[in-house]
Amino acid sequence: MLNIFRRGDASAHSPHAMSAVDRSEAIARVEPTMTRAHASVGLSAAGVTFDGLNDPRLLDYIREGQSGGGMWGRSCSLRNMAVLRCVTLISEAIGTLPLNLIGSDDRKQVQRDHPAHRLLKYKPNDWQTPYEFKSLLQLHTLLDGQGFARVIWSRDRPVRLVPMPRGSTKPRQTDTWEMKYDFTSASGESITLGARDVFHLRDLSLDGVNGLSRVTLASEVLELASAAQRAASRTFRTGVMAGGALKFKEGLSEQTYARMREQLDAFGGPESAGRWLIAEEGAEPVKFANTASDAQQVENRNHQIEEVARMYGVPRPLLMMDDTSWGSGIEQLAIFFVQYALSHWFTAWEQAAARVLLPEEALDEMQFKFNEGALLRGTLNDQANFFAKALGAGGHAPWMSQNEVRDLSNLPKSRDAQADLLRNPMTQKRKGRGDESTQPA
Numbered sequence: 032m033l034n035i036f037r038r039g040d041a042s043a044h045s046p047h048a049m050s051a052v053d054r055s056e057a058i059a060r061v062e063p064t065m066t067r068a069h070a071s072v073g074l075s076a077a078g079v080t081f082d083g084l085n086d087p088r089l090l091d092y093i094r095e096g097q098s099g100g101g102m103w104g105r106s107c108s109l110r111n112m113a114v115l116r117c118v119t120l121i122s123e124a125i126g127t128l129p130l131n132l133i134g135s136d137d138r139k140q141v142q143r144d145h146p147a148h149r150l151l152k153y154k155p156n157d158w159q160t161p162y163e164f165k166s167l168l169q170l171h172t173l174l175d176g177q178g179f180a181r182v183i184w185s186r187d188r189p190v191r192l193v194p195m196p197r198g199s200t201k202p203r204q205t206d207t208w209e210m211k212y213d214f215t216s217a218s219g220e221s222i223t224l225g226a227r228d229v230f231h232l233r234d235l236s237l238d239g240v241n242g243l244s245r246v247t248l249a250s251e252v253l254e255l256a257s258a259a260q261r262a263a264s265r266t267f268r269t270g271v272m273a274g275g276a277l278k279f280k281e282g283l284s285e286q287t288y289a290r291m292r293e294q295l296d297a298f299g300g301p302e303s304a305g306r307w308l309i310a311e312e313g314a315e316p317v318k319f320a321n322t323a324s325d326a327q328q329v330e331n332r333n334h335q336i337e338e339v340a341r342m343y344g345v346p347r348p349l350l351m352m353d354d355t356s357w358g359s360g361i362e363q364l365a366i367f368f369v370q371y372a373l374s375h376w377f378t379a380w381e382q383a384a385a386r387v388l389l390p391e392e393a394l395d396e397m398q399f400k401f402n403e404g405a406l407l408r409g410t411l412n413d414q415a416n417f418f419a420k421a422l423g424a425g426g427h428a429p430w431m432s433q434n435e436v437r438d439l440s441n442l443p444k445s446r447d448a449q450a451d452l453l454r455n456p457m458t459q460k461r462k463g464r465g466d467e468s469t470q471p472a
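Residues 32 to 472 (my numbering) make up the sequence shown, in order.
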């Protein structure tokens, strides 16, 4: 039975290649009370959907005795606050930054009229903004290892980018090294798409075809974090949270007990902080101290947050840990995040977009490029110093024109004819009416 699912041929993964007896055995091994379902019939309970015998979670369970790599495990990972924080940080950063199609020549002109540029910069489809589209595809990739979007063409022009639901698309490579994508719609209809019709964003990969899910790779880490969360929840829900007790050498009468109970209730709440109680009948206060196991529980939960941070390459302070990073450390933290958590995603997006949206002959003429400088902008004082040097102040050779600086500051373009020139204000005077050029020899 297990060998059927371990074979690499296509028939091994088809539910029709199994006999009725094998199907019954597979269901019995997964869950004795599970009812038999046709491959095209979906069952759902408590927000979890079972798609039949071709459900990838069933194969994971039969092979390894777990379904952590299935859709249920990836969805539940968002309940881990560290995972949620990491994936939203990265996906929202990718969605926020503009992705431009620029020329590869010296002018680096933005190709505003190109349909591929307009899709990723202004309108990928009729119901999503570029921010929403890029954030969603990046989120799918961070959770599943890969994200897919259908490319709709009209006369060799890309006109729509449609996100494909998670778990609906399976990439494969043919014997002739061509990429094919088997897509199953919500209604159960299956079609095969070519590489030109699918925008495919991959994470880590061992075969160059399928991306690896970081959630699946770190399933034990996330399961441990979930167990620690449940343990803490049970402690607060059913554990005794009293701060201490009153100890008496002898038993209390009902009247004394009722009076002490009323006194404790009266002195409860923040408005009674610092007030003194009246100890009767030789009462001795005993304060409950935190145990070593309580401290260990907090340490374990912090360690799980660190593991998730390592999984996605996000610095601890960005996960709202108790690290202190102020002043100049904030700027270095932003640089670290861009360089080690985002830069490789910039490259992945740029090259994936060029692979599917640009023809072969245009790859040397234009390229997609993120403007990551928007994430590294400092204070107004830092920007002023940078732009001053960029314009040539302090004897520096200028590398930006006035209009380029104005564009980065979201200001309108100057109509001054010299605003597009590289001028050094220290060595070059402005040309006025009747003035001669004073450019140095």
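Beta carbons: idealized from backbone N, C-alpha and C, even for Gly. What you are looking at is a predicted structure, and each value in this text was computed from that prediction instead of being measured.
For VAL246, three-class secondary structure by DSSP
If you number the sequence shown from 1, residue 246 lands on position 215. Here VAL246 sits in helix by DSSP.
Closest to LEU248 by C-alpha separation, out of GLN328, PRO348 and MET342, would be which residue?
As a position in the sequence shown, residue 248 is number 217, starting the count at 1. Closest option to LEU248, Cα to Cα, is MET342.
Would you tell me roughly how many angstroms separate the C-alpha atoms of LEU364 and GLY299, rounded to the nearest one?
Position 333 of the sequence shown, counting from 1, holds the residue named residue 364. Position 268 of the sequence shown, counting from 1, holds the residue named residue 299. Straight-line Cα distance between these residues: approximately 44 Å.
For a quick check, are the C-beta atoms of LEU232 and ALA379 less than 8 Å apart?
On the sequence shown, position 201 is the one that residue 232 refers to. On the sequence shown, position 348 is the one that residue 379 refers to. Their beta carbons are under 8 Å apart, which means LEU232 touches ALA379 by this criterion.
Counting only the same chain and skipping the five closest in sequence on each side, list residues whose C-beta sits under 8 Å from that of MET351.
The residue you call residue 351 lines up with position 320 of the sequence shown. Contacts found: ARG116.
Mind checking VAL240: buried by the 16 CB within 10 Å criterion, or exposed?
Mapped onto the sequence shown, residue 240 falls at position 209. VAL240 comes out exposed.
Inspect the CB distances between the segment 129–146 and the segment 277–285 and report whether three or more fall short of 8 Å.
no
Cα separation between HIS145 and TRP430?
As a position in the sequence shown, residue 145 is number 114, starting the count at 1. As a position in the sequence shown, residue 430 is number 399, starting the count at 1. Whole-angstrom Cα-Cα distance: 28 Å.
Spatial neighbours of GLY360 in its chain, beta-carbon cut-off 7 Å, leaving aside the 5 residues before and after:
Here residue 360 refers to the residue found at position 329 when the sequence shown is read from its first residue. Once the five neighbours on either side are set aside, GLY360 has no close Cβ partner at all.
Spatially closest choice to ALA372 from GLU220, ARG203, ALA263 and GLY344, by CA coordinates:
Reading the sequence shown from its first residue, position 341 is the one you call residue 372. Out of GLU220, ARG203, ALA263 and GLY344, GLY344 has the C-alpha closest to the C-alpha of ALA372.
Would you say GLY225 and SER166 are within 8 Å of each other, going by their C-beta atoms?
To locate residue 225, count along the sequence shown from 1; it is residue 194. To locate residue 166, count along the sequence shown from 1; it is residue 135. No, Cβ-Cβ distance for GLY225 and SER166 is not below 8 Å.
Run through the segment 321–396 for me and flag every whole alpha helix (DSSP H) of 4 or more residues, listed as ranges in chain order.
323–343, 359–368 and 374–388
Excluding the five sequence neighbours on either side, which residues of its own chain have a C-beta within less than 6 Å of the C-beta of ARG191, listed in chain order?
Working through the sequence shown from its first residue, we reach residue 191 at position 160. Excluding residues within five positions, the ones whose Cβ falls inside 6 Å are ASN156 and ILE183.
Starting from GLN398, follow its DSSP beta bridges and name the residues at the other end.
Taking the first residue of the sequence shown as position 1, residue 398 is located at position 367. Bridge partners of GLN398: ILE133.
Quick one: using the 10 Å Cβ neighbour count with 16 as the cut-off for buried, is TYR212 buried or exposed?
As a working mapping, residue 212 is identified with position 181 in the sequence shown. So TYR212 ends up on the buried side.
Find the nearest neighbour of ASP234 within the set ALA304, PHE377 and LEU422, judged by alpha-carbon distance.
Looking up residue 234 in the sequence shown gives position 203. The residue with the shortest Cα to Cα distance from ASP234 is PHE377.
Verify whether the separation of the beta carbon atoms of LYS420 and ASN434 is less than 8 Å.
On the sequence shown, residue 420 is found 389 positions in, with the first residue counted as 1. On the sequence shown, residue 434 is found 403 positions in, with the first residue counted as 1. No; because the gap between Cβ atoms is not below 8 Å, this pair is not in contact.
Is it buried or exposed for HIS334, if we count other Cβ within 10 angstroms and need 16 for buried?
Against the sequence shown, residue 334 aligns to sequence position 303. So HIS334 ends up on the exposed side.
Specify the secondary structure class of ILE125 as computed by DSSP and reduced to three states.
Here residue 125 is taken as the residue at index 94 of the sequence shown, counted from 1. It is helical.
Given that a residue counts as buried once 16 or more other Cβ atoms are within 10 Å of its Cβ, and exposed if not, what is GLY274?
Position 243 of the sequence shown, counted from the first residue, corresponds to residue 274. Exposed, since its Cβ has fewer than 16 Cβ neighbours within 10 Å.
So is THR200 buried or exposed if we call it buried at 16+ other beta carbons inside 10 Å?
If you number the sequence shown from 1, residue 200 lands on position 169. So THR200 counts as buried.
Taking the C-alpha atoms as reference points, what is the distance between SER374 and ALA262?
By one-based count along the sequence shown, residue 374 stands at place 343. By one-based count along the sequence shown, residue 262 stands at place 231. Answer to the nearest angstrom: the Cα atoms are 38 Å apart.
Rounding to the nearest angstrom, what Cα-Cα distance links ARG143 and GLN449 in this structure?
In the sequence shown, the residue the question calls residue 143 occupies position 112. In the sequence shown, the residue the question calls residue 449 occupies position 418. Approximately 24 Å between the Cα atoms of the pair.
Extent of the continuous alpha helix (DSSP H) to which PHE164 belongs:
Taking the first residue of the sequence shown as position 1, residue 164 is located at position 133. It spans 161–175 - the alpha helix (DSSP H) in which PHE164 sits, taken as one unbroken run.
Which of helix, strand or coil DSSP assigns to THR215:
Here residue 215 refers to the residue found at position 184 when the sequence shown is read from its first residue. Three-state DSSP puts THR215 in a strand.
Over the uninterrupted beta strand (DSSP E) stretch that includes ARG188, give me the two end residues.
Within the sequence shown, numbered from 1, the residue matching residue 188 stands at position 157. Residues 188–194.
Mapping the DSSP letters down to three states, classify GLU254 as helix, strand or coil.
By 1-based counting over the sequence shown, the position of residue 254 is 223. Helix.
Would you kindly report the start and end of the unbroken beta strand (DSSP E) that includes LYS201?
Stepping through the sequence shown from its first residue, residue 201 is reached at position 170. That run of the beta strand (DSSP E) goes 200–204.
Cα-Cα, which of PHE214, GLU209 and ALA147 is closest to GLY178?
Residue numbering aside, residue 178 sits at position 147 when the sequence shown is read from its first letter. Among PHE214, GLU209 and ALA147, the Cα nearest to that of GLY178 belongs to PHE214.
Exposed unless 16 or more other CB atoms sit within 10 angstroms - verdict on GLN169:
Here the question's residue 169 lines up with position 138 in the sequence shown. With 16 or more Cβ atoms within 10 Å of its Cβ, GLN169 is classed as buried.
Along the chain, where does the beta strand (DSSP E) that runs through ALA276 open and close?
What you label residue 276 is simply residue 245 of the sequence shown in a count that begins at 1. Note, ALA276: beta strand (DSSP E), 275–278.
Note the first and the last residue of the continuous beta strand (DSSP E) segment covering THR287.
Translated into the one-based positions of the sequence shown, residue 287 becomes position 256. THR287 -> not in any beta strand (DSSP E); alpha helix (DSSP H) instead, spanning 285–297.
Best match in GLU312, VAL317, LEU295 and PRO316 for proximity to ALA304 [C-alpha to C-alpha]:
Taking the first residue of the sequence shown as 1, we reach residue 304 at position 273. When only C-alpha atoms are compared, the closest one is LEU295.
Under three-state DSSP, which class holds SER432?
Taking the first residue of the sequence shown as position 1, residue 432 is located at position 401. Looking at SER432 - three-state DSSP - the assignment turns out to be coil, as it is neither helix nor strand.
Consult DSSP for ASN415 and reduce its assignment to one of helix, strand or coil.
Along the sequence shown, read from residue 1 onward, the residue named residue 415 stands at position 384. One point to set straight first is that residue 415 is Ala, not Asn, in the sequence displayed. Correct three-state label for ALA415: helix.
Between the Cα of PHE230 and the Cα atoms of GLU392, GLU381 and PHE418, which residue gives the shortest distance?
Along the sequence shown, one-based indexing puts residue 230 at 199. Of GLU392, GLU381 and PHE418, the residue nearest in Cα terms is GLU381.
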